[in-house]
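Using this note's numbering, read the sequence shown as starting at 301 and increasing by one per residue. Below: one structure, written as structure tokens.
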Amino acid sequence: MNSTVQLYDATLRDGMGGGGMSLTAQEKLRVVERLDELGVDMIEAGFPSSNPKEAELFELLAAAPLSHAEIVAFGMTRRRDRTADDDEGLSVLAASIAPIVTLVGKSSMLHVEKVVRVTPEQNLAMIADSIAFLVGQSKRVLFDAEHFFDGWRADPRYAIETLRVAADAGSERVVLCDTNGGSLPSLVTEAVVAVGEALPGVAIGIHTHDDAGCAVANSLVAIEAGATQVQGTINGIGERTGNANLVTIIADLQIKMGLEVLPAENLAKLTETAHFVDELLNRAPNPSQPYVGKNAFAHKAGMHAAGVSADSSTFEHVEPSSVGNRSDVIVSELAGRATISDKGNSAGLALDDATSARIVERVKQLEHLGYQFEAADGSFELLMRRESGQYEPLFRLEGWRVTVEQRADGEIVSEATIAIWINEQRYERSASGNGPVNALDSALRSAVTEVYPEVGEVELVNYKVRILDESHGTDAVIRVLIDASDGEDQWGTIGVGENVIAASWQALVDSLEYRQQQGRRKGDG
Ligand SMILES: [Zn+2]
């Protein structure tokens with residue numbers, strides 16, 4: 301077993317194949333930045349120009365400074381009737397900003413004959429030519445051997461031949477894919493060992509899917525058998541039953557197998573990162589998810605709780621704070637305060653112990669009401685400011701009113717009127733909009749920007765609504781998340797309430813207020 305294993309994230313490409321998964325280019329960039337902060341080594345961003353959204357993402361990535369991670373573009377080997385330098389897809393990959401290309405090709409005879417319908421030799425040539433072409437264009441190439449385990453079971457000689465050809469053509473690694481997700485750990489071990497013996501010195505990666513419930517197990521046994529890169533997605537998102545869950549794999553490798561895949565201090569960011577991705581996807585985090593789920597360390601039975609209080613190792617397989625989670629019984633006040641004071645520091649706020657403790661309490665109360673701050677960094681900073689007395693409200697609200705009217709011709713008109721006070725001056729403004737929240741936003745801005753013009757730069761780039769308790773129908777609690785940007789920074793804010801417009805108002809005010817506070821810090825406001 302090797303002492304270093306690379307982490308390769310496929311959330312933004314393979315993960316997006318799952319039902320209902322969709323992220324804007326801006327949101328994908330935020331995911332990339334978080335994964336970089338966590339310490340992931342390679343991040344697969346997709347095919348550089350399959351659609352305008354991907355093209356925009358690669359443009360954003362070109363301008364985004366990453367501290368550790370490398371961006372990977374994903375594509376296919378050349379078409380059977382083209383030469384490599386005449387293949388459009390390969391040209392796009394060669395021109396992309398990504399230093400690394402993952403190239404998927406066939407390694408199973410069945411697929412070669414029935415799906416691509418080329419001879420076994422033609423398939424080998426497609427692999428070799430495509431890799432040689434990209435290497436010639438100064439790209440580092442990983443070869444994704446699609447359906448490898450099924451192919452190896454049916455025809456081991458040919459499956460391994462595809463890998464040999466890829467390595468000879470210059471790919472720095474061959475990645476064994478369990479594309480259908482149906483393999484069991486015993487087979488994966490056997491195959492990885494066989495590849496290691498047939499191709500000594502060739503670096504191996506593992507890419508699994510969870511159709512047989514073994515994606516994480518298959519990844520771990522592959523590493524035990526000699527693989528040195530593991531691919532997966534955050535929270536295991538992906539088509540059908542999902543990809544290998546990289547979150548679980550990271551914790552298993554680092555804590556159980558003693559492989560330092562992340563800098564030690566970053567492991568505690570795992571829970572937050574996992575929840576962040578779920579929040580962006582507007583998905584409720586799975587409470588039973590290993591390591592990071594809300595219930596992962598919750599103890600119900602009285603005896604367990606007493607045991608945990610006495611010695612946590614009696615009923616907990618790992619220390620919850622090691623992965624940034626907490627046990628429901630003994631909320632680690634100390635760990636909570638340390639996290640808060642870290643966050644305070646990065647916002648330029650020095651928080652003393654008493655203030656940090658008060659913030660921990662406040663967060664707990666708010667979480668109980670339905671707030672979640674993982675994707676609402678803007679609102680969280682404002683909360684820290686309020687609790688530490690380093691806060692000045694943007695305005696004082698006198699009141700707002702929104703009307704939504706449907707006319708006989710079917711047209712729907714929304715209008716908002718607000719009255720606010722800034723520096724002892726009263727501002728009353730009305731505006732219409734394509735919806736009630738949009739109208740409120742316009743009315744509020746027209747007043748606020750008179751005093752704080754920089755707030756006018758704020759653009760609301762995303763607006764998401766989630767019903768928290770679906771059993772209550774229209775009485776349910778509603779959570780609104782807004783992502784805002786000033787063209788330079790992006791931040792998230794949150795509002796919660798029984799009324800969707802009131803919840804939106806909270807998130808809206810936070811998004812403008814955050815920008816104005818930032819301006820005060822930067823000195824432009
Ligand atoms: Zn896959």
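We put the CB at the ideal spot given by N, CA and C, even for glycine.
Item	Value
C-beta contact flag for A784 and E759 at 8 angstroms	yes
Helix, strand or coil at G482 [DSSP, three-state]	coil
Backbone secondary structure at M316 - three-state DSSP	helix
Assigned exposure category for S679 - 16 Cβ within 10 Å defines buried	buried
Rounded C-alpha distance that separates E472 from S622	33 angstroms
For R440, the first and last residue of its enclosing alpha helix (DSSP H)	From DSSP, R440 is part of no alpha helix (DSSP H) but of the beta strand (DSSP E) over R440 to E446.
Check: H447 C-beta below 7 angstroms from any heavy atom of ligand 1	no
Sub-8 angstroms separation of V475 and A494 beta-carbons	no
Inter-residue CB distance, L781 and A807 (contact presumed, cutoff 8 angstroms)	7 angstroms
Other residues of its chain near H411: CB distance less than 8 angstroms, five sequence neighbours each side excluded	E446, H447 and G451
D314 CB to nearest heavy atom of ligand 1 below 7 angstroms	yes
Residue nearest to A469 in terms of C-alpha spacing, selected from K353, R457, P352 and R440	R440
The segment 452-461 contacting the segment 400-420, beta-carbon criterion three pairs below 8 angstroms	yes
Same chain, Cβ closer than 8 angstroms to V392, five either side skipped, listed in chain order	F347, P348, S349 and G375
Rounded C-alpha distance that separates I523 from N543	17 angstroms
Span of the alpha helix (DSSP H), counted from its first residue to its last, around H617	Neither: H617 is in no alpha helix (DSSP H) and is coded neither H nor E.
Buried or exposed (CB count within 10 angstroms, at least 16 for buried), N645	exposed
Backbone CA spacing between I801 and R685 [nearest angstrom]	25 angstroms
Distance cut-off 7 angstroms: T479 Cβ against heavy atoms of ligand 3	Of the ligands one can find in the structure shown, namely ligand 1, none is ligand 3.
Boundaries (first-last residue) of the beta strand (DSSP E) holding L760	E759 to I767
Nearest-angstrom beta carbon gap, L570 and G624 [assumed within contact, 8 angstroms]	5 angstroms
Rounded straight-line distance, which links the Cα of R726 to that of A574	44 angstroms
Secondary structure of T304, DSSP reduced to three states	coil
Heavy atom of ligand 1 within 7 angstroms of N543 beta-carbon	yes
Straight-line Cα distance separating R382 from L666	59 angstroms
Which of helix, strand or coil DSSP assigns to E813	helix
Beta carbon of V702 nearer than 8 angstroms to that of A716	yes
Straight-line gap, N545 to L553 (C-alpha atoms, nearest Å)	12 angstroms
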